[in-house]
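What follows is a single structure, written as C-alpha cells, with notes after it.
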Amino acid sequence: LKTDVDRQVNNFRDWGIQLGRRFRALKLWFVIRHFGRQGLMDKLRLHLALAREFETWVRDDPAFEILAPVTINLVCFRYRPDGSPDEEALERMNKALMDRLNRSGRMFLTHTKLKGRFALRMCIGQTHVQRRHVEEAWRRIKETAAGIES
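Heads up: the sequence shown begins at 18 in the numbering used here, then just goes up one per residue.
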C-alpha cells in the first residue's frame, strides 16, 4: 500500500521483526494470550456492532449514502447532498472531505472506488474503541461535510 505521505514520515510497520510466517503468528498469539478466546470474540463482536450502528446513522442521513453492504467492520459510504452534482464533482467533494478529516489528526478515513464511484471507508477496529468514539467520528464527518461545497 502506498499513501500520499510515504516519503514524508517513517512507516514503522516496515521496521519490525522479519515478516516470516512464524513471527506473524507470534503477534496473533500475543493478542489471544492477552484477551483470551472469549475476550477476542467480544472485541470483534463490538467492532461489528459499532459498524452496523454507524451504517444506520449514514443510511438515516439524506446527505449520505451507503455504497456497499456492511458485512464486516468496514463501512463504505459517501457524502451526496441534495441536488448532487455529477460523479466527478462528488469525487472531488468526498476527497476533500476525507482530506480535511485526515488532516485534523482526530480520525483517519481511507477510500476506494466501488463500481466507478469514489467511496469513503470507515473501519472500526481500534482495540479500545467505544460507542462514543464512533459517535464523535460521525459528528465530525457531518460537520466537515457541511463545509464542503460542490
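Glycine included, every Cβ here is placed at the ideal spot set by N, Cα and C. All figures in this text were calculated on a predicted structure; none of them were measured in a lab.
**Asked** Rounded to whole angstroms, how far is the Cβ of Arg95 from the Cβ of Phe81, which I believe are closer than 8 Å?
**Response** That pair is a contact at about 7 Å.
**Prompt:** To which residues of the same chain is Gly53 closer than 6 Å at the C-beta, ignoring the five residues directly before and after it?
**Reply:** Taken in chain order, the list of residues that qualify is empty.
**Message:** According to DSSP, is Leu114 part of a helix, a strand, or is it coil?
**Reply:** helix
**Message:** Taking the alpha-carbon of Val151 as reference, which of Asp99, Ile141, Glu108 has the nearest alpha-carbon?
**Reply:** Ile141
**Message:** If you follow the beta strand (DSSP E) that Lys130 is in, where does it begin and where does it stop?
**Reply:** DSSP places Lys130 in the uninterrupted beta strand (DSSP E) bounded by 127 to 131.
**Ile158 burial status per 10 Å Cβ neighbour count (16 or more: buried)** = buried
**Request:** Could you tell me the distance, in whole angstroms, from the CA atom of Lys44 to the CA atom of Asp59?
**Result:** 19 Å
**Message:** Using a Cβ-Cβ cutoff of less than 6 Å, which residues in the same chain neighbour Ala162 once the five nearest sequence positions on both sides are dropped?
**Reply:** Closer than 6 Å at Cβ, skipping near neighbours: Tyr96, Leu114.
**Prompt:** What distance in whole Å lies between the Cβ atoms of Phe135 and Leu118, which are believed to be in contact at a cut-off of 8 Å?
**Reply:** Leu118 to Phe135, Cβ: 14 Å. No contact.
**Request:** Could you tell me how far apart the beta carbons of Glu70 and Ile83 are, in whole angstroms, since I believe they sit closer than 8 Å?
**Result:** That belief does not hold up - the Cβ atoms of Glu70 and Ile83 are roughly 13 Å apart, past 8 Å.
**Prompt:** With a CB to CB cut of under 7 Å and the five nearest residues on each side skipped, what residues in its chain are close to Arg76?
**Reply:** Ile83
**Request:** Return the bridge partner residues of Val151 from the DSSP annotation.
**Result:** Looking at the DSSP assignment, Val151 forms no beta bridge with any residue, so it has no partner.
**Cβ-Cβ separation, Val87 to Ala66 (assumed contact under 8 Å), whole Å** = In this structure Ala66 is not in contact with Val87, their Cβ atoms being roughly 11 Å apart against a cut-off of 8 Å.
**Request:** Have a look at the DSSP bridge pairing and note the partners of Arg95.
**Result:** Glu82
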